Amino acid sequence: MTEKPEFRVRKYLLDLIVQQAPGDRLPRVRDLMAQFHTSQRVVERATRPLIEKGLISSRRGAGLHVGAGAVSAPEYAADCLILYRSSESRLARNLLMELEKRLRRSGLRVNMIGFASEETALEKMAGHGPVRCCLLQANFEIVTVGFLAKIRQLTDHLIIDGVSVTGIDADVIGTNWREALSTAYRELSARGHRRIGFLTSSHDARQIAMARREFNLLSSWKSEGDHPLLFQVPRLPGSYRYEDVVQALPERRMHGKQPEYSALIVWGLVDGYLLDRALGECRLLPGKEFSIIVLGSVDVESEHVARFDIVGNLNSEKFDTFERIVHERIAGADVKPATHYLPIHFRQHGSISLLDD
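Numbering follows my numbering, with no gaps: position 298 of the sequence shown is 311.
(1) Under the assumption that S275 contacts R320 (Cβ atoms under 8 Å), give the Cβ distance between them as a whole number of angstroms.
(2) Going by alpha carbons, who is nearest to F335 out of P250, F211, V185 and R219?
(3) Tell me, to the nearest whole angstrom, how far the beta carbon of L148 is from that of D182; I am working on the premise that it is less than 8 Å.
(4) In or out: L298 buried (at least 16 other Cβ within 10 Å) or exposed?
(5) If you compare alpha carbons, which of S236, R208, G205 and F244 is closest to A224?
(6) Under 8 Å between the Cβ atoms of V318 and Y354?
(7) Among H206, H170 and L77, which has the Cα closest to the Cα of I30?
(8) Skipping 5 residues on each side, what residues in its chain have a beta carbon closer than 7 Å to that of L367?
(9) Report all residues from its chain with a CB closer than 8 Å to the CB of L201; omit the five preceding and five following residues, and keep chain order.
(10) Can you give, in chain order, each stretch of the alpha helix (DSSP H) that sits fully within the region 211–247 and has at least 4 residues?
(11) Who are the near neighbours of R191 in its chain, counting only those whose CB is closer than 7 Å to its CB and skipping five residues on each side?
(12) Could you tell me how far apart the beta carbons of T196 and N326 are, in whole angstroms, since I believe they sit closer than 8 Å?
(13) Where DSSP assigns a beta bridge to P356, which residues make up the other side?
(14) Near D322, which residues of its chain fall below 6 Å by C-beta distance, leaving aside the five closest residues on each side in sequence?
(15) Kindly indicate the opening and closing residues of the beta strand (DSSP E) around D174.
(16) Are the beta-carbon atoms of P35 and Y89 separated by less than 8 Å?
(17) Going straight from the alpha carbon of M267 to that of E273, what length do you get?
(18) Can you list, in chain order, the residues of its chain whose CB lies under 6 Å from that of S71, leaving out five sequence neighbours each side?
(19) Which full runs of the beta strand (DSSP E) of 3+ residues lie inside the region 55–137, going along the chain?
(20) Mark S100 as exposed unless 16 or more other C-beta atoms lie within 10 angstroms of its C-beta, in which case mark it buried.
(21) Output the distance between the C-alpha atoms of R58 and H170, rounded to the nearest integer angstrom.
(22) Between the alpha carbons of S252 and D312, how many angstroms are there, rounded?
(23) Along the chain, where does the beta strand (DSSP E) containing D257 start, and where does it finish?
(24) Restricting to runs no shorter than 4 residues, where is the alpha helix (DSSP H) found entirely within the region 280–310?
(25) If you follow the alpha helix (DSSP H) that I30 is in, where does it begin and where does it stop?
(26) Could you check where the alpha helix (DSSP H) with I343 kicks off and where it finishes?
(27) What did DSSP end up calling Q53 once you bin it into helix, strand or coil?
(28) Tell me the DSSP secondary structure of S364 in three-state form.
Here you go:
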């Protein structure tokens, strides 16, 4: 993804402001136009929020100077700090590795801190200087208000991976898995399936708990407790093991003349080969004996192995969104923090059969 000229100009000026004193001369507009091969309008858009914040003063005929508001500009230890909770999830690690590579390639200074607990993270953060932007990856685990407050003391902007934490002064980026579940359920229903199972995590994280409630709602389940076709794995999404899946999938007992369930939605299993083995162990043949849809990243082949129909996000869109928001925040974009939901996509690979019910 190519960074917009407006953001590159603004970041360049911010770096100069930190290094200079109020009143010092900055490059002229025409010089910035030539240096970044861009138009006067783009340079004016780049400087406008800096002028409004008092970081730059601009007078006709006098050019651009460091403004009085830059007196307390901090010396940043990094452009972006990535804080991540240790996880077994391969996809979570891949996101951070790809994002770090992209940000460094664009010239940003990136530091990474891994932690097993908030206490560990706070200890590691204690000796770290201020940063322009911090990306927090909590991997479904609870994040305390006190921890978020400590992070905000360290950074100008906070970005959170996953939409479990919303309604705060931070950009939150992630997938609405309830939307993905509803999409998968509708696809199966449209093909005649009425007895649909859902295999997911038993964790009490908000996103996961809401998905389980959504399944009960979609299934018109009104009794106490969970739907009998809700199969739960006692691990976080992304860390399921072969034996977990086999144990969570009971035999398809007969319900009258029909199997107890004719279709299954799976969320949290990111290894399509593992799922294929587990289904074989349970003697289930996708697309023949029953239908299956996986919730995940539709453009990651190791998840669907060109065998399972899949509903979810595009990994490429996820990378682009994180990179764009980080660059916008570092460049001082005058936009309020928001929740950024990734679009939902559906890819077919032949694991859904048409059922005459």
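All residues carry an ideal CB built from backbone N, CA and C; glycine is no exception.
Predicted, not measured: the structure shown is a model, and the values here were computed from it.
The relevant details are as follows:
(1) Your numbering for residue 275 matches position 262 in the sequence shown. Your numbering for residue 320 matches position 307 in the sequence shown. The pair is not a contact, with the Cβ atoms about 18 Å apart (cut-off 8 Å).
(2) Position 322 of the sequence shown holds residue 335. Considering only alpha carbons, the answer is V185.
(3) Walking along the sequence shown from the start, residue 148 turns up at place 135. Walking along the sequence shown from the start, residue 182 turns up at place 169. With a Cβ gap of about 15 Å, L148 and D182 do not count as contacting.
(4) For the purposes of this step, residue 298 is taken as the residue at position 285 of the sequence shown. By the 10 Å Cβ count, L298 comes out exposed.
(5) Start at 1 with the first residue of the sequence shown, and residue 224 comes out as number 211. Taking each of S236, R208, G205 and F244 in turn and checking the Cα distance to A224, the smallest one comes out for F244.
(6) In the sequence shown, counting from the first residue as 1, residue 318 sits at position 305. In the sequence shown, counting from the first residue as 1, residue 354 sits at position 341. No, the pair does not count as a contact, with Cβ atoms beyond the cut-off.
(7) Here residue 30 refers to the residue found at position 17 of the sequence shown. The shortest Cα separation from I30 among H206, H170 and L77 belongs to L77.
(8) In the sequence shown, counting from the first residue as 1, residue 367 sits at position 354. Closer than 7 Å at the Cβ level, and outside the excluded window around L367, lie R204 and G205.
(9) For the purposes of this step, residue 201 is taken as residue 188 along the sequence shown, with counting starting at 1. Cβ within range, chain order: I209, A276, I278, S304, I306 and I365.
(10) 219–231
(11) Translated into positions along the sequence shown, residue 191 becomes position 178. Only M223, A224 and E227 meet the Cβ criterion.
(12) By one-based count along the sequence shown, residue 196 stands at place 183. By one-based count along the sequence shown, residue 326 stands at place 313. Wrong, their Cβ atoms sit about 12 Å apart, outside the cutoff.
(13) In the sequence shown, counting from the first residue as 1, residue 356 sits at position 343. In the DSSP output, where bridge partners are listed per residue, P356 has none listed.
(14) In the sequence shown, residue 322 corresponds to position 309, counting from 1. Excluding residues within five positions, the ones whose Cβ falls inside 6 Å are I306, Q361, H362, S364 and I365.
(15) The sequence position of residue 174 within the sequence shown is 161, counting from 1. Segment T168 to D174, the beta strand (DSSP E) holding D174.
(16) Numbered from its first residue, the sequence shown carries residue 35 at position 22. Numbered from its first residue, the sequence shown carries residue 89 at position 76. No, Cβ-Cβ distance for P35 and Y89 is not below 8 Å.
(17) Stepping through the sequence shown from its first residue, residue 267 is reached at position 254. Stepping through the sequence shown from its first residue, residue 273 is reached at position 260. The pLDDT assigned to M267 is 48, lower than 50, so where the model puts this residue is not dependable; a value taken from the coordinates is nonetheless given after this. The straight-line gap from Cα to Cα measures roughly 5 Å.
(18) The residue labelled residue 71 in the question sits at position 58 within the sequence shown. Same-chain partners within the cutoff: I64 and L77.
(19) 69–72, 76–79, 91–98 and 123–128
(20) Looking up residue 100 in the sequence shown gives position 87. Classification for S100: buried.
(21) In the sequence shown, residue 58 corresponds to position 45, counting from 1. In the sequence shown, residue 170 corresponds to position 157, counting from 1. Roughly 20 Å separates the two Cα atoms.
(22) Your numbering for residue 252 matches position 239 in the sequence shown. Your numbering for residue 312 matches position 299 in the sequence shown. Between S252 and D312, the C-alpha separation is close to 19 Å.
(23) Residue numbering aside, residue 257 sits at position 244 when the sequence shown is read from its first letter. Counting along the chain, D257 falls outside any beta strand (DSSP E), though it belongs to the alpha helix (DSSP H) covering Y255 to A261.
(24) 285–294
(25) As a position in the sequence shown, residue 30 is number 17, starting the count at 1. Its alpha helix (DSSP H) spans residues P18 to Q32.
(26) In the sequence shown, the residue the question calls residue 343 occupies position 330. Counting along the chain, the alpha helix (DSSP H) containing I343 begins and ends at N328 to I343.
(27) Here residue 53 refers to the residue found at position 40 of the sequence shown. Correct three-state label for Q53: helix.
(28) By 1-based counting over the sequence shown, the position of residue 364 is 351. For S364, the secondary structure class from DSSP, reduced to helix, strand or coil, is coil.
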